[in-house]
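See below for the structure under consideration.
Protein chains: 2
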Amino acid sequence: MRTTVPTSGALHFSTRGEYGVRLMVELARHYGSGPVSLSEMADHESLPRPYLEQLVVSLRGADLVTSTRGARGGYELAKPPSAIRMSEVVTALEGPIAPMICASDDPHHAGTCQRAGFCNVEQLWQRVREAIVSALDSMTLEDLAEPRLGHPAHPQPALLAVQPLTERSIKEPVTQP
Amino acid sequence: MRTTVPTSGALHFSTRGEYGVRLMVELARHYGSGPVSLSEMADHESLPRPYLEQLVVSLRGADLVTSTRGARGGYELAKPPSAIRMSEVVTALEGPIAPMICASDDPHHAGTCQRAGFCNVEQLWQRVREAIVSALDSMTLEDLAEPRLGHPAHPQPALLAVQPLTERSIKEPVTQP
DNA sequence: TCAATCCTGACGAAATCAGTCGGAATTGCC
DNA sequence: GGCAATTCCGACTGATTTCGTCAGGATTGA
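Protein sequence lines correspond, in order, to chains B and Z.
Heads up: the first sequence is residues 314 to 490, going by the numbering used here.
Heads up: the second sequence is residues 314 to 490, going by the numbering used here.
Below, the structure is given as structure tokens:
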């Protein structure tokens, strides 16, 4: 199964993103009931607590959660779940959304690509970035925290007009013969 | 500058993707003029030729380029540039577009997430994936190959309705104090 | 025949990242 | 006041991934 194509597929989040989002969802469910300790969440989500500690540092730095130290302490959301866009969460956990250095919103990266304004490939990355950001902006923590919501119909007013997407538009990658 | 946040930002392509796309753009510019050798392209794009050889394997396997061996041989596009969507190119180079294993179109991955149908986080990844795919579907190689096209106005009928995107919707990640 | 090219497989070295560990600081509770 | 539950902080490691290299074989035009 040796293949030179990246194993995990294109444009994937790190597991940091997945764990962090799950963690935030869990916090959203407990919103208003006082702080929740990391041990609790680690148990409930069966994730390693020491690792969660690291993630929460980023979330706290982005003012998404507040912490209360000491016994009976823990973490809670800094804002109501409906006020937290998923783009904030993902950005806090994984850094700026930049499919390519050409296409970063981080001014620190700007000017890194000496081909800017020269190659049109830049346009592609920009488009992809914008698409990702609007998708992430279209959902809040509240949307994900509801215990179980209607299956087919989206409760959201479908902010971004995703195409029907023929579902056959992607081809298999080149892996095995 | 020690930060636990991934250095390269969220949802980034690998450099494999960037090089490969550049390579395809170069091929598109020479479309119809016979095969182009890898050495030529390596020189022109100042990229290591041995590495390009690897990339081209994936592109050939996806039927995006054809090769002619022997002296004066080289590679050329298998289809006209306008018939090659960028989603095909990216998928060939980087594998299926899957922001999370939950959200992959690869049937081989399906069923990997035991939380499917249980957590709604899955919805988020799916939306992101669809957004990425339609962005990539909305551009063809031809769009990128034109030497220089209009700066502000998009020549494309803006297939996907990207939101105006306030440009201030993302916050800085948590890096330095 | 020769030289240019594709083709194949395997290899090395560097970066990155998931996850761990130990201990210090803070605070509720008995 | 002391204990126990917590957050907080910094550094470390081990494994995985990936960029890039290398050597040599197969194919073909001149």
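Note that CB positions come from ideal geometry on N, CA and C, so glycine has one too.
Backbone secondary structure at residue i - three-state DSSP
| i | result |
| --- | --- |
| B/Thr-317 | coil |
| B/Ile-495 | Past the edges of chain B, shown from 314 to 490, lies residue 495 of chain B, and the structure says nothing about it. |
| Z/Arg-329 | helix |
| B/Gly-322 | coil |
| B/Ser-371 | helix |
| Z/Ser-346 | coil |
| Z/Glu-366 | helix |
| Z/Leu-390 | strand |
| B/Ala-471 | With a pLDDT of only 38 at B/Ala-471, under the threshold of 50, the placement of this residue in the model should not be trusted, and no figure is reported. |
| B/Arg-398 | strand |
| B/Ser-359 | coil |
| B/Ser-380 | strand |
Contact check, residue i vs residue j, beta carbons under 8 angstroms
| i | j | result |
| --- | --- | --- |
| Z/Gly-383 | Z/Pro-348 | no |
| Z/Ser-447 | B/Ala-444 | yes |
| Z/Glu-401 | Z/Gly-330 | no |
| Z/Arg-442 | B/Ser-451 | no |
| B/Glu-366 | B/Glu-339 | no |
| B/Thr-322 | Z/Ile-410 | Reading the sequence as shown, one finds Gly at residue 322 of chain B and not Thr. Yes, they are a contact pair. |
| Z/Val-434 | B/Val-334 | yes |
| Z/Tyr-298 | Z/Leu-372 | Outside the modelled stretch of chain Z, which goes from 314 to 490, sits residue 298 of chain Z, for which no answer is possible. |
CA nearest to the CA of residue i, picked from the options
| i | options | result |
| --- | --- | --- |
| B/Ser-350 | B/Leu-390, B/Gly-322, B/Gly-330, B/Ser-327 | B/Leu-390 |
| Z/Ser-395 | Z/Leu-377, Z/Arg-373, Z/Ala-411, Z/Thr-381 | Z/Leu-377 |
| Z/Leu-449 | B/Ser-346, B/Pro-412, B/Arg-385 | B/Pro-412 |
| Z/Asp-456 | Z/Thr-379, Z/Pro-361, Z/Arg-362, Z/Ala-341 | Z/Ala-341 |
| Z/Thr-379 | Z/Thr-320, Z/Gly-345, Z/Arg-362 | Z/Gly-345 |
| B/Ala-375 | B/Met-354, B/Pro-363, B/Met-399, B/Glu-353 | B/Met-399 |
| Z/Pro-393 | Z/Ala-458, Z/Thr-317, Z/Leu-324 | Z/Ala-458 |
| Z/Arg-385 | Z/Tyr-364, Z/Glu-353, Z/Thr-320 | Z/Glu-353 |
| Z/Pro-319 | B/Val-318, B/Thr-317, B/Thr-320, B/His-325 | B/His-325 |
Residue i burial status per 10 Å Cβ neighbour count (16 or more: buried)
| i | result |
| --- | --- |
| Z/Thr-404 | buried |
| B/Met-337 | buried |
| Z/Thr-381 | exposed |
| B/Leu-437 | buried |
| Z/Thr-453 | buried |
| B/Pro-363 | exposed |
| B/Thr-317 | exposed |
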